[in-house]
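Just so we're aligned, residue 411 is where the sequence shown starts under the numbering used here, counting upward by one.
Notes for the one structure printed next.
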Amino acid sequence: MSGGADDMSPTPSPSPALRGEGNTRRAILGAAAALPLAACSQQTPTIVVGAGVFGAWTAEHLRRKGKRVILVDQMGAANARASSGGESRMTRGTYGPDEIYTRMALASLEEWKRLSARSALPLFHNAGVLFCFQEMIDYARDSIAVHERLHLPLEQIDAPALRTRWPQMNFDGIAFGLFEPEFGALMARRGVEETVARFVRAGGEYMLARAEPGANGGSVVLDGQPYDAAAVVWACGPWLPKVFPDVLGERIFVTRQEVAFIAPPDGDDSFEASRLPGWADFNNGDLYYGFPNLEGRGFKIARDTHGERFDPDTGDRRITEEGAALLRAFAERRFPALAGRPFTEFRVCQYENSSNGDFLIDRHPTLEGAYLLGGGSGHGFKHGPEVGRMMAELVVNGTAPDQRFSLASKQTVQARRRALIWTAGVSPACAGVGRRDAGGPY
Ligand SMILES: Cc1cc2nc3c(=O)[nH]c(=O)nc-3n(C[C@H](O)[C@H](O)[C@H](O)COP(=O)(O)OP(=O)(O)OC[C@H]3O[C@@H](n4cnc5c(N)ncnc54)[C@H](O)[C@@H]3O)c2cc1C
């Protein structure tokens, strides 16, 4: 059976209280969290632990395949500590030579657009994405080749044309830009909440509970109470190394990431999504990226370098003064009108990096019935729908995705394939900073 996110499938038949009447998170949590699992339908459930973007879409795809699915989260869908809990996430197709990610981003974008069209508030802002390069490098060359092969629009724009098109930016030092008109920004937290709400309305079940592995792969302990499941998908994002320290303790590296929002000049529409795309500046290897003023939240900026190791439970989520100063300095250099404008908000989130930036979509190596899903590595959000589809295929049909998503491909030392991006034109000063992995975060 297949159906869209709106498909009110008759297959699983939870009690009315689990249907999450209404579209709000409160309705979902309030209804579902109150009921014991025994009150649900008779089919042994498949349990998905983690209602971040990966878990939410896995649950939805399992539901579309006719499974009774219970989605569990310890704090709520796209909660404040989750990697999916941010305001906005970039979606792009430029992935250097890694065509698999371009294809996944495209397929996922279709799902996001469908969901956005049915949602009361937008989930996708088609602002476009602009990449700025100081010189031609393999990453840009390969991206152009992949886009040509897939007949995907990608404009190569020289510096004078960049200045004319986006006069609010200072393009000093930029040789050219690559502009992807089809992509843009996803409203992250809202997107996951909407995915979960529609999953519940179509018959899926949702619980607020903390999960731990049970006695075997097909069992799970929810708030201290053991339950049997047909299968358990552990989509715990940055918590995965804690849940499975033996297998993932050294294979998922959780790092601290700082984000800032700045108020554009009052009354100035040149920072609106209609006039400014999402952007990324390769900046000779020290990459910064950001968004226009989406929904009045402020101009967003982040530096895409891996921060210190971070604990998602106890890590300090206040931005450092040094981090704020770096973000302000870069914003003011590239966007002169932001000089002296106030910060409106800060966020500290975490990347859950695999050794090479490729996602983890695999069986647990020893626990039959348990599956591992994560390693978003700072670029996973946009791919949520496709990642969920792949995991559901593995669980239901035993179809393994590409080898690069296997546990076996994940090493215990970070060995990012920076060669994929920085093979040409990188300055010696930047060559050793361990930048860029498979897709590159954001
Ligand atoms: C600052 C920042 C910027 C980013 N920018 C982009 C971008 O522009 N584009 C992009 O595509 N990606 C981006 N990413 C990456 C993307 O956000 C992540 O890859 C993605 O959100 C990971 O989703 P997830 O579902 O694996 O993890 P999470 O969203 O963290 O979800 C895991 C969930 O599991 C739950 N959980 C954990 N343990 C348990 C347990 N024991 N019991 C019950 N529940 C549990 C948690 O509460 C959490 O809700 C960015 C990430 C960050 C931090």
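Just so it is clear, CB atoms sit at the ideal spot from N, CA and C, and this is done for glycine as well.
Exposure label - residue i; buried when at least 16 CB within 10 Å
i: Q667; result: buried
i: A488; result: buried
i: V528; result: According to the sequence displayed, residue 528 carries Arg and not Val. Exposed: under 16 other Cβ atoms inside 10 Å.
i: P651; result: buried
i: D768; result: buried
i: A683; result: buried
i: A829; result: Low local confidence applies: a pLDDT of 32 at A829 is under 50, so the model's placement there is unreliable, and no value is given.
i: A690; result: buried
i: Q760; result: buried
i: L540; result: buried
i: D656; result: exposed
i: T776; result: exposed
i: T724; result: exposed
i: V479; result: buried
i: A625; result: exposed
i: T501; result: buried
i: P577; result: exposed
i: T456; result: buried
i: E474; result: Looking at the sequence shown, residue 474 is not Glu but Arg. That one is buried.
i: T372; result: Residue 372 lies beyond the range of the chain shown here (411 to 852); nothing can be said about it.
i: V823; result: exposed
i: G788; result: buried
i: P722; result: buried
i: G414; result: No answer about G414 holds up, because its pLDDT of 38 lies below 50 and its placement is not dependable.
i: A749; result: exposed
Residue i and residue j closer than 9 angstroms at C-beta
i: G538; j: G583; result: no
i: Y781; j: V642; result: yes
i: F701; j: I672; result: no
i: M514; j: H793; result: yes
i: V630; j: V459; result: yes
i: A466; j: S494; result: yes
i: P674; j: R608; result: no
i: Y698; j: L737; result: yes
i: G613; j: G462; result: no
i: R719; j: V664; result: yes
i: R799; j: H471; result: yes
i: F464; j: M801; result: yes
i: N766; j: S819; result: yes
i: L516; j: L560; result: yes
i: N580; j: I662; result: no
i: F586; j: A550; result: yes
i: I729; j: R707; result: no
Integer Cβ distance of residue i from residue j, believed to fall under 8 angstroms
i: L704; j: S498; result: 6 angstroms
i: F589; j: I554; result: With 8 angstroms as the limit, F589 and I554 do not qualify as a contact, their Cβ atoms being about 12 angstroms apart.
i: A490; j: L481; result: Not confirmed; about 18 angstroms, so no contact.
i: L770; j: G790; result: Wrong, their Cβ atoms sit about 10 angstroms apart, outside the cutoff.
i: A747; j: D678; result: 7 angstroms
i: L533; j: E604; result: 6 angstroms
i: G871; j: G627; result: Residue numbering for the chain in the displayed model covers 411 to 852; residue 871 lies beyond these limits and cannot be assessed.
i: P591; j: P563; result: 5 angstroms
i: P795; j: W522; result: 7 angstroms
Backbone secondary structure at residue i - three-state DSSP
i: I547; result: coil
i: V463; result: helix
i: A621; result: strand
i: M514; result: helix
i: Q667; result: strand
i: P563; result: coil
i: I711; result: strand
i: I672; result: strand
i: W576; result: coil
i: D633; result: coil
i: S498; result: strand
i: I480; result: strand
i: I584; result: coil
i: N763; result: strand
i: R728; result: coil
i: H716; result: coil
i: Q769; result: With the sequence shown as reference, residue 769 is identified as Phe, and Gln is not the correct amino acid for it. Coil, per DSSP.
i: R738; result: helix
i: F609; result: helix
i: H789; result: coil
i: A749; result: coil
i: H471; result: helix
i: A641; result: strand
i: L650; result: helix
i: M597; result: strand
i: A810; result: coil
i: F589; result: strand
i: L778; result: In the sequence as displayed, the identity of residue 778 is Glu instead of Leu. Coil, per DSSP.
i: D691; result: strand
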